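Novice: Residue numbers (the working numbering): 312 to 695.
Mind having a look at this structure? Questions to follow.
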Ligand SMILES: *Cc1c(COP(=O)(O)O)cnc(C)c1O
């Protein structure tokens, strides 16, 4: 291995997760694969073609720059939806490329219409309404204004969607807030449709909502975290598994991350290891240096807490995580050698290091750990 570390992506797991979601959702609701944050760290260029191979033909991103990356790696034109940031120049380019985008303000609606008119094209927009999350979206007054603007400019606008985002479907504590949001959404939609404006897709659900609130599935679900094999929260998992006869997790994690031993050292009892005084050897120990640190996404909060796998053994990270290195205790590992595989995330033999275990010891969300995996790490697809 020439790289200091490598991310592997399991094609079999992609297939498994996509087909699980499809069977769960039935025919009506389409899946939009959310591939923001470099496809939750998996790598847009690597994972998008695999999603495509297993039948995904709709993709969601946050930044316009991500939309362009998806656009460039698709085998043919498919729906790409920008849920967040674009500058005015991006709006123009999106209309040319047929990339869809959220409209959450009247300014963006006007910009879309102006560019579309100049280009003699239609802007494909998703009207995003404010239903109670208070993050982005048109409130009732702004929606009424948008309705009249759209009616005056029908030639410039294609209404690809009508949407909102729910504030925390992964926790039952948000149940009433979400019920209120769904009610508000339905009222706003009724108003929209009463004006003879009919969106192609009605959509409000992320992974958790698609599971917990079947009525939220509508025509399209924007699935991120669960497509990658992670449950949105322990609650969503427990609720699902309790309803099943066999208690097997139907999702499979796609991503693995491995490195190798760079050098091995003996450290005497009473010596400190690494920077400062964060780790003191209590006995004579053997350590291995692994060339991965926080610059690659191995969180500093795993200092003295992280675990890796070497030769089928669990080994502890000792001392602080450095920018490019971690030191692990391999005293109990027989015959460890420079070049031996070090599993940072994923399986080795019977053992597994899970991202969820990272989050438990470091207070970071699955989402956050995945999103921090550096784009500079090589990613390869493996068949198994
Ligand atoms: C990130 C995001 C999603 C996907 O959420 P998951 O919990 O990863 O499924 C859906 N919709 C919007 C608006 C998002 O920002």
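Yeah, the Cβ is synthetic: ideal placement off N, Cα and C, and Gly gets one too.
This structure is a prediction, so every number in the text was calculated from the model and none was measured.
Contact defined as beta carbons within less than 8 Å: I believe residue 328 pairs with residue 650. What is the distance between those atoms, to the nearest angstrom?
Specialist: Incorrect: roughly 33 Å between the Cβ atoms, too far for contact.
Novice: Look up residue 674 in the DSSP assignment and say whether it is helix, strand or coil.
Specialist: In this structure, residue 674 counts as coil in the three-state DSSP scheme.
Novice: By the 10 Å Cβ neighbour count, where 16 or more other Cβ atoms means buried, how is residue 693 classified, buried or exposed?
Specialist: exposed
Novice: Compute the Euclidean distance between the alpha carbons of residue 613 and residue 678, then round it to the nearest angstrom.
Specialist: 16 Å
Novice: Pop quiz: residue 656 and residue 644 are said to be a contact at Cβ under 8 Å. What is the actual Cβ separation, rounded to whole angstroms?
Specialist: No, residue 656 and residue 644 are not in contact; Cβ-Cβ is about 19 Å, not under 8 Å.
Novice: Measuring alpha carbon to alpha carbon, tell me which of 684, 395, 367 and 408 ends up nearest residue 382.
Specialist: 408
Novice: How close, in whole Å, do the beta carbons of residue 493 and residue 526 come, if the pair is a contact with beta carbons under 8 Å?
Specialist: 7 Å
Novice: Does DSSP classify residue 382 as helix, strand or coil?
Specialist: helix
Novice: Measure the CB-CB distance between residue 676 and residue 636 and report whether it falls below 8 Å.
Specialist: Taking 8 Å as the Cβ cut-off, residue 676 and residue 636 do not qualify as a contacting pair.
Novice: Are there any heavy atoms of ligand 1 lying less than 7 Å away from the beta-carbon of residue 564, as far as the coordinates show?
Specialist: no
Novice: Alpha helix (DSSP H) containing residue 503: first to last residue?
Specialist: 486–505
Novice: In whole angstroms, give me the CA-to-CA distance for residue 517 and residue 695.
Specialist: 28 Å
Novice: Entirely within the segment 555–593 and at least 3 residues each: give me those beta strand (DSSP E) ranges in chain order.
Specialist: Under the rule that a run must span 3 or more residues, the beta strand (DSSP E) segments found entirely inside the segment 555–593 read 566–571 and 574–578.
Novice: Helix, strand or coil for residue 300, going by three-state DSSP, please let me know.
Specialist: Shown here, the chain extends from 312 to 695; a query on residue 300 therefore has no answer.
Novice: Determine the direct distance from the alpha carbon of residue 572 to that of residue 446, and round the result to whole angstroms.
Specialist: The alpha-carbon atoms of residue 446 and residue 572 are separated by roughly 45 Å.
Novice: For ligand 1, any of its heavy atoms closer than 7 Å to the Cβ of residue 536?
Specialist: Within the chosen limit of 7 Å, ligand 1 reaches the beta carbon of residue 536 through at least one heavy atom.
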